[in-house]
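Below is one structure; the comments refer to it alone.
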Amino acid sequence: MSSRIVILSENISNMIAAGEVVERPSSVVKELVENSLDAGAREIVVEIERGGRKMIRIADDGEGMSRDDAFLCLERHATSKLRKPEDLSALTTLGFRGEALPAIASVSRLILQTCGNDDGEGVEIHVEGGTIRQSREMGLPRGTLIEVRNLFFNTPARRKFLRRDETEIGHIADVVTKQALAHPDVQFRLLHNGRCLFEVRRDSSLAERIAAFLGRPLLRQLLPVEVEEGGDLALSGYICPPEVNRSTSGAIYTFINGRCIRDRVVQHAVIEGYRNLLMKGRFPVVVLFLTLDPAMVDVNVHPTKHEVRFRDQRRVHDFIAAGLKQTLQPAAWLENAPAEKPSPEAELQPSSSPPDAPCPPLTQNPETAAVSRREQVQESLDRYARRSYVVPPAPRSYSSPLRSASGGATADSEVERERRGGFFSSLRYLGQYHHSYLLCQQGEDLLLIDQHAAHERIRFEKLRRDYRRGEVPRQGLLFPEVIEFDFKAAAALQEGLDTLAAFGFEVEPFGGKAFAVKSVPAVLGQTNVEALLHDVASDLETIGKSGAPDDAVDEFLMRLACHGVIRANQALAPPEVQALLDELDQVDFKAHCPHGRPVQVRLTLGEIERLFKRT
Numbered sequence: 001m002s003s004r005i006v007i008l009s010e011n012i013s014n015m016i017a018a019g020e021v022v023e024r025p026s027s028v029v030k031e032l033v034e035n036s037l038d039a040g041a042r043e044i045v046v047e048i049e050r051g052g053r054k055m056i057r058i059a060d061d062g063e064g065m066s067r068d069d070a071f072l073c074l075e076r077h078a079t080s081k082l083r084k085p086e087d088l089s090a091l092t093t094l095g096f097r098g099e100a101l102p103a104i105a106s107v108s109r110l111i112l113q114t115c116g117n118d119d120g121e122g123v124e125i126h127v128e129g130g131t132i133r134q135s136r137e138m139g140l141p142r143g144t145l146i147e148v149r150n151l152f153f154n155t156p157a158r159r160k161f162l163r164r165d166e167t168e169i170g171h172i173a174d175v176v177t178k179q180a181l182a183h184p185d186v187q188f189r190l191l192h193n194g195r196c197l198f199e200v201r202r203d204s205s206l207a208e209r210i211a212a213f214l215g216r217p218l219l220r221q222l223l224p225v226e227v228e229e230g231g232d233l234a235l236s237g238y239i240c241p242p243e244v245n246r247s248t249s250g251a252i253y254t255f256i257n258g259r260c261i262r263d264r265v266v267q268h269a270v271i272e273g274y275r276n277l278l279m280k281g282r283f284p285v286v287v288l289f290l291t292l293d294p295a296m297v298d299v300n301v302h303p304t305k306h307e308v309r310f311r312d313q314r315r316v317h318d319f320i321a322a323g324l325k326q327t328l329q330p331a332a333w334l335e336n337a338p339a340e341k342p343s344p345e346a347e348l349q350p351s352s353s354p355p356d357a358p359c360p361p362l363t364q365n366p367e368t369a370a371v372s373r374r375e376q377v378q379e380s381l382d383r384y385a386r387r388s389y390v391v392p393p394a395p396r397s398y399s400s401p402l403r404s405a406s407g408g409a410t411a412d413s414e415v416e417r418e419r420r421g422g423f424f425s426s427l428r429y430l431g432q433y434h435h436s437y438l439l440c441q442q443g444e445d446l447l448l449i450d451q452h453a454a455h456e457r458i459r460f461e462k463l464r465r466d467y468r469r470g471e472v473p474r475q476g477l478l479f480p481e482v483i484e485f486d487f488k489a490a491a492a493l494q495e496g497l498d499t500l501a502a503f504g505f506e507v508e509p510f511g512g513k514a515f516a517v518k519s520v521p522a523v524l525g526q527t528n529v530e531a532l533l534h535d536v537a538s539d540l541e542t543i544g545k546s547g548a549p550d551d552a553v554d555e556f557l558m559r560l561a562c563h564g565v566i567r568a569n570q571a572l573a574p575p576e577v578q579a580l581l582d583e584l585d586q587v588d589f590k591a592h593c594p595h596g597r598p599v600q601v602r603l604t605l606g607e608i609e610r611l612f613k614r615t
């Protein structure tokens, strides 16, 4: 092999670029659809044959190109979106590198048809393996059509790695779905082997598009998100309550300035917003749009532009997480569930949450905004902690004092429930099923409440509040434990030493990439210190100094909250039940236990009547 240095040919350079940009047929669709959107298209048609390996055709009604621009766009780094270096810090377009089209043409047989005027004077160019074979002038409407055939025909090794047609069209549909969600003012149509897979019109709302792509039943579950901070950060879109979740993160759609991204910082922020509301291994359904100053984000860190880099990633992370928590805080989907199915017209309107307890704005300090409220909650929790829940020696039935002998509620109990005014405390208690579930009635609806999950949530909130009230007690290790990390984790720990100290860790640099751990929070007991610090370092590396130890503390508190609480198969007297319901009204996020299991399930009268074939 010669050691002489030579300049690669244009064809080889394009094929290398294709290896970075064109991973599979969906990569081609993504790049070409982004070009169509940048050209101002209002209608985009995507046609696929055999999962994209045989043919990909993208047609749009954008501004089109002149003859000279049509030839020039097939050259590397030819773009209309950058003129000077400063433009890189103010990008507002989806594509800007000028590599996609020549890279695609180098590994396929490509036909480009375009017209940039209203006179119908267009041009058609045929490219094979990166080489222009022929061109001709022809009459065309304004817009652009690009047809890609025999993808990877000249790189058979790459072609062998393509999956089944069904798998490839699934990836393509996902790409078009993301672009359709990001641009509700553009009409999209996707066809595979001549069959229309979906079509969304430009007059459809974002909520309708979410329902069309992710499932029609979601329309009633959508919670609108609208938060701003400082005038340069805004978060909008829709999220679903925790009970609507998926087994993978595939239903998390996040967009930054209209660009769909799969960024680790943003993904972590979304999961943080749902922390303690979802079971482990479950993921929320969200469609979120983050708008910020283009100078605050660098989208030029990955060839496919899936990843970004924020100038202040901790601020962005905390803003997204706080915005989701603020939206989920009232749990209005639990306390204001509709008694009957709304009309189709009402379903098309974004759901709004009547305020249960006003949520402080993001710019307000929560420690000072709700002092009186938290004092009341703490007093209630202290009262609750002093109560003992006694397990009877043998299960027996209880007659509820909340009901009269005739079966109706007594006047005194009705007045008392109205005085308390909370959702759970105002429920009519009917009895206990299997010594595990509380049967309650609200209006015509029947509610089943998991007594263990409810008490676990109450105990968890009390433990977490006590933890956050003052200085964290520390437990010194008999011998300091020296732990070595990799370079990235060590740098993250070094930067986050003050944060660790605030949560009860005493960690000192020990030379090189090693750290000596001298003490840990006393509440962590015999926790594996090395595994814990590795997890903390990973979180600090991802989100900077954003309070990552909270995750480890909450995990411990969740385990602690499981002990000493009401269990399943434990009989309760009606006063004990009422005490539990009263205290459940005093905590936030009462819809789920800390592990994400639901606290209650609602059955409407209509659902029960259908079970008995009465409707």
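Using our numbering, the letters of the sequence shown correspond one by one to residues 1 to 615. Beta carbons are placed, not taken as given, at the ideal position from N, Cα and C, and that holds for glycine.
| query | How many whole angstroms separate the CB atoms of Gly120 and Asp60, which I take to be in contact at a CB cut-off of 8 Å? | reply | Contact flag wrong, Cβ pair sits at about 17 Å.
| said: I'd like the ranges of any alpha helix (DSSP H) spanning at least 4 consecutive residues and lying wholly in the region 246-302. | reply: Every alpha helix (DSSP H) stretch that sits fully inside the region 246-302 and reaches 4 residues is listed by chain position as 264-273.
| task | Helix, strand or coil for Pro594, going by three-state DSSP, please let me know. | result | coil
| query | Which first and last residues belong to the alpha helix (DSSP H) in which Gly504 is found? | reply | Boundaries cannot be given for Gly504, as no alpha helix (DSSP H) includes it and DSSP labels it neither H nor E.
| Does the beta-carbon distance from Glu124 to Arg136 come in below 7 Å? | The answer is yes: Cβ separation under 7 Å.
| request: Assign Ile458 to one of three DSSP states: helix, strand, or coil. | output: helix
| Nearest candidate by alpha-carbon position, reference Glu243, set Asp263, Met279 and Ala100 | It is Met279 whose Cα lies nearest to the Cα of Glu243.
| request: Pull up the distance between the alpha-carbon of Arg216 and that of Phe153, whole angstroms please. | output: Rounded to whole angstroms, Arg216 to Phe153 spans 40 Å at the Cα level.
| Would you report the Cα separation of Val28 and Asn117, rounded to the nearest angstrom? | 26 Å
| query | Among the residues of its own chain, which have a CB less than 7 Å from the CB of Glu228, if the five just before and after it don't count? | reply | Ala234
| How many Å lie between Phe198 and Arg189 at the Cα? | Cα atoms of Phe198 and Arg189: separation of roughly 6 Å, rounded to the nearest angstrom.
| request: May I ask you to list the residues that DSSP assigns as paired with Cys440? | output: Tyr429 and Leu447
| Run of the beta strand (DSSP E) containing Asp60, from where it starts to where it stops | Met55 to Asp60
| request: Pull up the DSSP beta-bridge partners for Val565, would you. | output: According to DSSP, which records beta bridges pairwise, Val565 is partnered with nothing at all.
| task | Under 7 Å Cβ to Cβ from Glu75, same chain only, skipping five residues before and after it: list those, please. | result | Around Glu75: Pro102.
| Just the Cα atoms here: how many angstroms apart are Ala411 and His455? | Because the pLDDT at Ala411 is just 36, under 50, the model does not fix this residue reliably, and the value given afterwards should be weighed accordingly. Distance between the alpha carbons of Ala411 and His455: 29 Å.
| message | Distance check for Gln326 and Ala269, CA to CA, integer angstroms please. | response | 13 Å
| query | In this structure, what does DSSP give as the bridge partners for Ala516? | reply | DSSP lists Val482 and Glu508 as partners of Ala516.
| query | Taking C-alpha atoms, which residue in Pro224, Pro241, Gly250 and Gly194 lies nearest to Phe213? | reply | Closest option to Phe213, Cα to Cα, is Gly250.
| request: Tell me whether the beta-carbon of His435 lies closer than 7 Å to the beta-carbon of Asn276. | output: no
| said: I'd like the list of long-range same chain contacts for Ser388, defined as Cβ closer than 6 Å, with 5 residues on each side in sequence excluded. | reply: Reliability of the predicted coordinates at Ser388 is poor, the pLDDT of 34 falling under 50, and the value obtained from them is presented with this limitation in mind. Closer than 6 Å at the Cβ level, and outside the excluded window around Ser388, lies no residue.
| message | Once DSSP output is grouped into helix, strand and coil, what is the label at Ser352? | response | Here Ser352 scores only 35 on pLDDT, less than 50, and its place in the model is too uncertain to base an answer on.
| task | Check whether the region 574-586 touches the region 422-433, taking contact to mean three or more Cβ pairs, one atom from each stretch, closer than 8 Å. | result | yes
| said: Measuring only the C-alpha atoms, how far is Phe283 from Glu34? | reply: Between Phe283 and Glu34, the C-alpha separation is close to 28 Å.
| field | Gly64 beta carbon less than 7 Å from that of Ala105 | value | In this structure, Ala105 lies away from Gly64, with their beta-carbon atoms at least 7 Å apart.
| task | Would you tell me roughly how many angstroms separate the C-alpha atoms of Gln179 and Phe289, rounded to the nearest one? | result | About 12 Å.
| request: Check Thr144 in the structure and name its three-state DSSP category. | output: strand
| field | Whole-Å CB distance - Ala78 paired with Leu112, under 8 Å assumed | value | Not confirmed; about 13 Å, so no contact.
| query | Roughly how many whole angstroms lie between the Cα atoms of Ser108 and Glu49? | reply | 14 Å
| Is Met138 helix, strand or coil by DSSP? | strand
| DSSP three-state call for Gln570: helix, strand or coil? | coil
| query | Excluding the five sequence neighbours on either side, which residues of its own chain have a C-beta within less than 8 Å of the C-beta of Tyr437, listed in chain order? | reply | Leu448, Ile449, Asp450 and Gln451
| message | Within a Cβ cutoff of 6 Å, which residues of the same chain sit near Leu446, ignoring the five residues on either side of it in sequence? | response | Within the same chain, Leu603 come within 6 Å of Leu446 by CB-CB distance, once the 5 residues on both sides are set aside.
| message | Judging by CA-CA distance, which residue of Pro509, Asp174, Glu555 and Gln586 is the nearest neighbour of Pro480? | response | Pro509
| query | Cβ of Leu94 within 7 Å of Cβ of Leu37? | reply | yes
| message | As a quick exercise: from Arg614, Glu47, Leu478 and Cys593, pick the residue whose alpha carbon is nearest that of Arg195. | response | Glu47
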